[in-house]
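So the structure is just underneath, and the comments pick up after that.
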Amino acid sequence: MACPYFCPTDPLPASTWPGKLRPPLGEPYAGVCRARKGEDFRPGEDFLVDVCNLGYPALTCTRFPRQAGPDAVRFSVMADDGRVVRIAYVVEKGHASYENGFLEYDRAANRWSSRKVQPLLERQAEAYLNSYLRQERATRAAKAKWSKVSGSR
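Note that the sequence shown ends on residue 154 in our numbering; no numbers are left out.
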């Protein structure tokens, strides 16, 4: 679960996430905090890893808005038929669903083919999708290498 006010920009090195479960956006990300309207704040790396990338920052982040609202976002690939990647999202408040839906990414058109969502949610979904696609390519490459090695015996 990422913080709903976190705007991911670039993946952080894997070494920033040692010994932790899979990051909510697929990889740990650098980025900016948009918790305060009109202000892009760049948190330090430790804060990015421990708070921004993990969600539920209400108790640990002094920038987090105190008004009622969401406190985490989750994403999951629901389907991938090679043409369209369907991603489910859940925006949470207090560990309960606040908003949810699906986004569809058209691989051939290289764009979202589903309804529009607010820009920050779309950017997080894009970061999650990019992480998924990078991991998918790495897995395919590893399988191809393994097939080549194991087939040559």
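Quick reminder that beta carbons are idealized off the backbone N, C-alpha and C, glycines included.
C-alpha distance - residue i paired with residue j, whole-angstrom precision
| i | j | result |
| --- | --- | --- |
| valine 74 | glycine 83 | 25 Å |
| lysine 38 | arginine 87 | 30 Å |
| tryptophan 62 | leucine 122 | Going by the sequence as given, residue 62 is cysteine instead of tryptophan. So the alpha carbons of these two residues sit roughly 19 Å apart. |
| valine 85 | valine 33 | 29 Å |
| arginine 108 | cysteine 8 | 23 Å |
| glutamate 93 | glycine 27 | 18 Å |
| serine 132 | arginine 141 | 14 Å |
| phenylalanine 48 | lysine 146 | 38 Å |
| methionine 2 | glycine 152 | 41 Å |
| arginine 124 | aspartate 11 | 11 Å |
| arginine 135 | glutamate 40 | 30 Å |
| lysine 149 | glutamate 137 | 18 Å |
| aspartate 81 | alanine 110 | 15 Å |
Three-state secondary structure assigned by DSSP to residue i
| i | result |
| --- | --- |
| glycine 102 | strand |
| alanine 109 | coil |
| alanine 15 | helix |
| tyrosine 133 | helix |
| cysteine 53 | helix |
| proline 24 | coil |
| phenylalanine 120 | Phenylalanine is not the amino acid found at residue 120; the sequence shown has proline there. Proline 120 falls in the helix class under three-state DSSP. |
Close beta carbons around residue i, own chain, < 6 Å, minus the five adjacent residues each side
| i | result |
| --- | --- |
| cysteine 4 | Cys53, Gly56, Pro58 |
| proline 29 | Leu13, Thr17, Trp18, Val50, Asn54 |
| methionine 79 | Arg87, Ala89 |
| lysine 144 | none |
Where the beta strand (DSSP E) containing residue i begins and where it ends
| i | result |
| --- | --- |
| arginine 87 | 85 to 94 |
| serine 77 | 73 to 81 |
| glycine 62 | It is cysteine, not glycine, that sits at residue 62 in the sequence shown. Note, cysteine 62: premise wrong, no beta strand (DSSP E); not H, not E. |
| cysteine 34 | 30 to 34 |
Supposed contact pair residue j and residue i - C-beta distance, whole angstroms, cut 8 Å
| i | j | result |
| --- | --- | --- |
| serine 114 | glutamate 105 | 5 Å |
| alanine 36 | phenylalanine 65 | 6 Å |
| phenylalanine 76 | tyrosine 6 | In fact, because the Cβ distance is near 16 Å, the residues do not count as touching under 8 Å. |
Residues of its chain near residue i, where Cβ-Cβ distance is below 8 Å and the 5 sequence neighbours each way are ignored
| i | result |
| --- | --- |
| glutamate 46 | Leu13, Thr17, Ala31 |
| arginine 112 | Tyr106 |
| phenylalanine 103 | Met79, Arg87, Ile88, Ala89, Tyr90, Ser115 |
| aspartate 72 | Cys4, Pro5, Gly56, Tyr57, Pro58, Ala59, Phe65, Glu93, Lys94, Gly95 |
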